[in-house]
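Have a look at the structure below before the remarks.
Number of protein chains: 2
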Amino acid sequence: MRTGIATVCLAGTLREKMQACAVAGFDGIEIFEQDLVTSPLSPEDVRKLAADLGLTLDLYQPFRDFDSVPEDLLAANLRRADAKFRLMSRLGMDTMLLCSNVGTATIDDDELRATQLARLADLAGEHGVRIAYEALAWGKYVNDYEHAHRLVGIVDHPNLGTCLDSFHILSRDWDTAPIEVFNPEKIFFVQVADAPKLSMDVLSWSRHYRVFPGEGQFELAKFMGHVVRAGYTGPVSLEVFNDVFRQSDVERTAVDAMRSLIWLEEQSAAWLEASQALAEGEVASGVTGQAPGAPARRRYPMELATLPRVAEPAGFNFAEVRTGDTAGLETLLGQLGFAFNGRHRTKDVQLWTMGHARVIINEEPPAGGQPTSAPAIPAAISAVGFDVDSPVIAAARAQQLKAPAVPRKSQANEEIFQGFAAPDSTEIFLCQGNPDGTAAWTREFGDGLDQPAADRAANPGAVIDHVNLAQPWQHFDEAVLFYTSALALEPQPFAEVASPTGLVRSQVMLTQDRGVRLVLNLAPLIQQEGTTPGTAAGIVGTPGPRPGYQEHIAFAVDDLVATARAARDRGLDFLQIPANYYEDLDARFALEPDFLATLRDLNLLYDRDADGEFLHFYTATVGSVFFEMVERRGAYDGYGAPNAPVRHAVQYDHLHQLARRP
Amino acid sequence: MRTGIATVCLAGTLREKMQACAVAGFDGIEIFEQDLVTSPLSPEDVRKLAADLGLTLDLYQPFRDFDSVPEDLLAANLRRADAKFRLMSRLGMDTMLLCSNVGTATIDDDELRATQLARLADLAGEHGVRIAYEALAWGKYVNDYEHAHRLVGIVDHPNLGTCLDSFHILSRDWDTAPIEVFNPEKIFFVQVADAPKLSMDVLSWSRHYRVFPGEGQFELAKFMGHVVRAGYTGPVSLEVFNDVFRQSDVERTAVDAMRSLIWLEEQSAAWLEASQALAEGEVASGVTGQAPGAPARRRYPMELATLPRVAEPAGFNFAEVRTGDTAGLETLLGQLGFAFNGRHRTKDVQLWTMGHARVIINEEPPAGGQPTSAPAIPAAISAVGFDVDSPVIAAARAQQLKAPAVPRKSQANEEIFQGFAAPDSTEIFLCQGNPDGTAAWTREFGDGLDQPAADRAANPGAVIDHVNLAQPWQHFDEAVLFYTSALALEPQPFAEVASPTGLVRSQVMLTQDRGVRLVLNLAPLIQQEGTTPGTAAGIVGTPGPRPGYQEHIAFAVDDLVATARAARDRGLDFLQIPANYYEDLDARFALEPDFLATLRDLNLLYDRDADGEFLHFYTATVGSVFFEMVERRGAYDGYGAPNAPVRHAVQYDHLHQLARRP
């Protein structure tokens with residue numbers, strides 16, 4: 191598959207955009223006209239720069255307001271086109287995007303439109319240019335891709351074809367199956383964009399909220415499957431108008447974009463395979479009238495590369511907190527009932543366990559980073575380990591998806607983890623758990639034996655239930671695609687919860703069997719200003735961590751009330767829940783009085799839905815990190831979202847009280 | 191008019207919100223349930239705090255999912271209501287908001303609904319509580335305020351009335367005139383919110399994009415006029431769900447909110463007056479069958495306070511740039527053709543003029559601020575003076591609208607300006623121009639004479655055309671209301687222009703005769719992070735000002751080509767426009783070749799629309815400030831928006847080149 195991207199997707203100057211596209215590995219680019227008009231580079235400069243960078247210049251875009259106009263306007267339009275064709279010749283470009291008319295269209299007549307398109311195609315032919323005609327979703331008369339294709343058929347000119355743009359097709363819910371029977375020689379270009387499903391006018395949706403494939407909710411693999419089946423072999427090019435990408439680091443956004451196409455290519459191949467298997471199953475089971483049999487895998491003119499395949503991770507292998515000041519964490523973990531498994535034999539690292547849940551406290555400085563002491567780095571979640579079938583294959587997949595590898599020092603005879611950095615800079619490690627739930631690397635700690643048998647016996651059901659990571663706002667979509675593509679997690683519909691500093695967007699990423707639950711939290715902007723994720727910056731004007739960057743690790747246990755009682759006996763600093771909460775809980779759920787008293791007594795939170803019940807509590811915060819203990823009853827699948835505002839409010843109050851202390 | 195605000199409008203804890211509401215001057219508040227549930231304050235604490243702060247507790251809200259349900263659910267709902275009524279009694283509150291059912295409604299039967307509402311009203315009556323029933327715009331069966339009011343009429347219970355919420359009514363485009371004939375005793379509460387007109391699902395629109403009155407596009411004065419005519423005398427209370435306000439400084443947002451109600455009160459009185467005048471005109475002209483005459487101004491049960499009335503400002507009196515390094519500005523102004531009018535006789539301030547355009551260069555430190563030297567503060571627009579009929583009346587109005595006054599040191603015999611600070615901290619001064627276009631204060635400069643006669647003769651038409659101020663993102667809506675209410679400027683539909691660092695939102699504020707054109711620019715977020723308006727912070731990792739905070743003053747002249755030639759002869763550093771721009775201009779407008787050559791030769795930009803033509807050029811940037819010279823031909827009323835991306839791109843390129851210099 192030939193990959194492309196429109197320069198309008200990216201921030202910066204034309205030169206910066208082109209360089210970033212080349213570095214990210216794109217085959218070609220679309221030149222967005224405004225990027226050229228505002229550039230000090232001459233057309234010849236751009237042509238040479240593209241050649242030097244190994245980029246093809248695939249599409250000049252957009253040409254607007256052409257069809258469906260009166261004759262006098264047509265003459266002016268042809269003059270305008272002629273100027274652009276001459277410019278394209280200087281750029282060495284041969285394909286121009288023509289959008290169906292929105293602004294100046296006044297005549298709804300397909301015959302007239304065909305005549306006008308033919309005149310443009312004639313003129314284009316004189317300059318060796320091909321016109322790719324696209325139906326905008328909000329085109330005045332032409333807003334359906336089949337209509338645009340029909341017009342191309344009527345004109346039947348070698349210099350006129352169509353451009354298929356997934357946004358304009360899927361935003362209108364048009365059926366994409368008819369693409370399969372299009373003449374591939376008349377599909378001049380294919381643009382892809384994903385988008386979250388929003389109920390708003392399609393123009394605003396298109397101009398501000400498009401995202402890269404895998405970051406939205408469109409069925410892009412299916413769209414691409416139909417395009418491939420039609421026999422199209424040209425570029426598959428991203429055209430994504432997004433308010434955030436337009437202002438983000440250009441090189442980073444280009445890599446995010448490239449990752450989305452690599453992933454889409456794989457997903458398209460998988461869709462074709464699944465769809466063929468389904469069709470063959472129908473044949474075999476006699477659903478169609480044709481003879482049964484198992485024909486060879488169909489091949490298409492477009493080659494689709496595949497990635498190393500991985501199953502979804504089975505669970506969390508460990509979570510790691512980095513800090514130069516470990517005392518607070520050690521106290522909390524001990525009070526929660528974690529067992530200390532000793533220090534690593536060569537590194538400044540501790541292992542704490544509770545049943546199958548493992549927490550590492552890491553005092554080593556990050557690679558290339560500051561030492562964790564002097565001044566001590568406040569605690570922050572620095573790494574998460576996932577149990578996968580084959581760490582090597584999973585790492586190869588991540589690498590092909592352009593995940594940046596993270597080096598980790600290892601001595602001889604020590605487990606070497608395959609690791610890479612997530613968009614929020616958390617380190618992600620691919621681990622192989624043992625079938626009995628142990629992990630070989632734990633022998634590098636303490637006396638070299640397994641974790642204390644007493645701990646495992648006492649907490650047979652304890653596991654990491656979920657990890658909640660704060661996300662920088664400009665990398666949120668990138669993070670969703672990253673975990674979707676590299677780790678095969680599935681994004682769920684997001685929730686928004688109120689906090690004293692604004693709405694917090696909460697995006698759950700899951701495996702199907704719920705072995706891994708990762709929660710990405712997007713804090714309100716004001717909380718993020720001037721902070722770097724993973725560090726603890728102050729509330730404006732005050733010391734201490736910001737609410738927006740608090741992160742946590744949640745552990746599931748079998749008996750939360752018993753766990754909470756034991757923790758209280760050990761002196762745990764619980765997050766204090768206001769009395770008003772329990773009154774409201776009673777009004778909502780009519781709880782049994784003894785049970786309500788227990789909840790109140792232990793600072794437990796409670797939720798219930800049709801699937802089951804949820805009990806949980808939180809610890810105080812150390813640095814930017816706190817812990818949660820949960821008990822899931824029945825098939826409860828949530829995270830106690832109705833209780834999240836209480837947590838945020840109490841944590842906010844604590845921070846402000848700390849800030850006020852002399 | 192009794193003023194109120196719902197705690198959900200604001201950031202912070204319940205205590206912080208209540209304190210901010212009291213400081214801003216609200217009469218009462220609505221308690222949003224979640225704010226109480228998440229608070230460590232007991233209901234008794236809240237009651238006492240409100241009394242201490244002089245706030246009434248007007249509405250407990252919201253109670254949801256009550257009506258249109260089966261009998262078993264009704265029993266649970268009544269139990270839930272009973273708990274809330276008991277809570278309200280502890281709070282000392284007597285009115286509860288009941289929203290029409292969205293989630294659990296299953297039965298569409300007005301008779302059943304009336305029966306259920308009557309049961310709730312009975313129960314409420316036992317606790318001394320009144321129920322204000324509101325039709326949510328997305329209510330399942332009840333989503334029309336007249337429907338809710340009809341149900342209240344059917345039930346006819348002293349403890350059941352309706353709540354009118356402007357958002358739920360105006361978002362659905364319901365006619366508001368029928369409110370006038372409502373029984374005022376059945377209107378238990380009135381909530382007001384404004385909103386920009388957006389084409390999106392009404393629930394998302396309501397939850398994220400509401401703004402305070404005057405910051406959106408709803409006809410709120412008319413809505414309030416009908417409410418007043420109905421005879422309502424209760425609180426008029428803000429209920430505004432807004433993602434930005436929820437995270438902004440609570441005291442500041444409360445003042446913004448209070449300003450919106452003060453302004454709405456005045457606008458409502460004006461609407462009533464205009465509407466009565468219209469009706470009387472109709473009577474007088476015999477449109478209705480009644481006898482002609484001029485009845486006395488009608489009085490209503492609700493008292494509406496008015497503000498000192500001001501006409502829109504006639505023009506700009508001056509613009510001021512503050513800096514500790516004046517050389518660059520002096521050079522630019524001189525090259526543009528400005529005359530140096532000398533220094534102020536007691537202050538470290540220079541005056542430069544060109545015809546009627548006055549620019550002050552101020553080297554004095556801001557009140558309470560750092561000295562402008564050591565290190566020298568880079569140039570930034572610090573003040574704008576407006577010509578008004580009566581500075582004293584205009585200042586009184588601004589003060590009543592809670593505009594913060596700015597002190598400015600003055601010696602005896604010097605002009606004392608009335609001034610206040612805009613939300614972006616620009617100082618706004620109210621001045622009195624002379625009928626001949628001169629200003630008395632200019633005699634405090636230089637030799638005490640008028641500005642050089644040669645300058646005025648040479649540039650008879652030169653004026654400040656517009657001033658463009660960069661706005662911090664979290665104060666944008668506040669700024670719109672500020673200039674609307676305090677200076678009687680009219681917001682226009684906003685534009686968005688592309689820049690290499692993201693989309694820039696551009697909001698024009700006008701007087702009707704175009705004597706004042708103020709442009710508020712909202713830069714992309716990444717450009718704003720870590721910066722303070724009015725200061726010049728660097729591009730991330732580089733020195734120098736950020737593109738997002740560049741601001742400018744534009745001067746109109748009669749002959750731009752001549753002005754540009756003279757400036758070039760004086761060696762002006764023009765913003766260099768790329769050659770590609772002129773090719774595109776030619777393709778679009780088919781310009782006369784000599785004219786195009788002149789444009790290209792002088793780095794002039796050009797625009798044309800149905801009203802006329804626009805020629806303009808920009809200077810290089812000094813600190814965060816640059817200048818623009820414009821010529822308006824015909825009735826051209828815009829700002830060359832199609833050229834804005836060129837300006838942004840070239841300025842961005844310059845900054846990056848500066849940053850790369852060793």
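Protein chains in written order, with the working numbering: chain A, 191 to 852; chain B, 191 to 852. By construction, the Cβ of each residue, glycine as well, lies at the ideal position given by its N, Cα and C atoms.
Asked	Found
Classification of A/GLU782 by the beta-carbon crowding that lies within 10 angstroms, buried from 16 upward	exposed
Burial state of A/THR296 (16 or more Cβ within 10 Å)	exposed
Assigned exposure category for B/ALA727 - 16 Cβ within 10 Å defines buried	Bear in mind that a pLDDT of 34 at B/ALA727, under 50, signals an unreliable position, so the number given afterwards is only what the model happens to contain. By the 10 Å Cβ count, B/ALA727 comes out buried.
Neighbourhood of B/ARG237 by C-beta distance below 6 Å, restricted to the same chain and skipping five residues each side	LEU281 and GLY282
Beta carbon of A/ALA509 nearer than 8 Å to that of A/VAL698	no
Alpha-carbon spacing of B/ARG362 relative to B/ALA327, whole angstroms	7 Å
B/LEU497 versus B/PHE275: straight-line alpha-carbon distance, rounded	40 Å
Minimum Cβ-Cβ distance from B/LEU715 to chain A less than 8 Å	yes
Exposure label - B/GLN766; buried when at least 16 CB within 10 Å	exposed
Proximity winner among A/PHE435, A/LEU247, A/LEU264 and A/ASP748, relative to A/MET544 (alpha-carbon distances)	A/ASP748
Residues bridged to B/PHE506 (per DSSP)	B/PHE576
Between the CA atoms of B/TRP453 and B/GLU520 - distance to the nearest angstrom	41 Å
Residues that A/SER361 contacts on chain B, provided the C-beta gap is smaller than 9 Å	Going along chain B, no residue has its Cβ under 9 Å from A/SER361, so there is no contact; the nearest lies around 14 Å.
Residues near A/ALA265 by beta carbon distance below 8 Å, same chain, minus five either side	none
The alpha helix (DSSP H) enclosing B/THR674, as first and last residue numbers	666-677
Burial state of B/VAL549 (16 or more Cβ within 10 Å)	buried
CB contact check: B/MET390 to chain A, cutoff 8 Å	yes
Test: B/ARG419 CB closer than 8 Å to a CB of chain A	no
B/ARG778 at chain A interface by Cβ criterion, 8 Å	yes
Cutoff 8 Å: B/THR228 Cβ touching any chain A Cβ	yes
Contacts of A/ASN770 in chain B (Cβ-Cβ under 9 Å)	LEU226, VAL227, THR228, SER229, PRO230, LEU231, SER232, PRO233 and LEU277
Cutoff 8 Å: B/GLN437 Cβ touching any chain A Cβ	yes
Nearest candidate by alpha-carbon position, reference B/ASP577, set B/GLU463, B/ASN624, B/ALA588 and B/ALA593	B/ASN624
The region 396-404 of chain A touching the region 399-409 of chain B, judged by at least three CB pairs closer than 8 Å	no
Between the CA atoms of A/GLY293 and A/ALA273 - distance to the nearest angstrom	21 Å
Residue-level contact to chain B via CB, A/ALA669, 8 Å cutoff	no
Collapsed DSSP secondary structure at B/ALA327 in the structure displayed	coil
Where the alpha helix (DSSP H) through A/ALA273 begins and ends	261-281
Distance, B/GLY424 Cα to B/LEU494 Cα	12 Å
Of the residues A/VAL670, A/MET448 and A/PHE635, the one placed nearest A/LEU591, counting alpha carbons only	A/MET448
Minimum length 4: unbroken alpha helix (DSSP H) runs contained in the region 731-807 of chain B	750-759, 769-779 and 783-792
Chain D within 8 Å of B/LEU693, Cβ atoms only	Of the protein chains in this structure, namely A and B, none is chain D.
Per-residue burial, B/GLY651 [other beta carbons within 10 Å of its own, 16 or more giving buried]	exposed
Contacts around A/ALA420, its chain only, beta-carbon distance under 6 Å, and the 5 residues preceding and following it disregarded	ILE369, GLU370, PHE372 and PRO374
Short CB-CB distance (under 8 Å) between A/THR203 and chain B	yes
Bridge partner(s) assigned by DSSP for B/GLY609	B/PHE619
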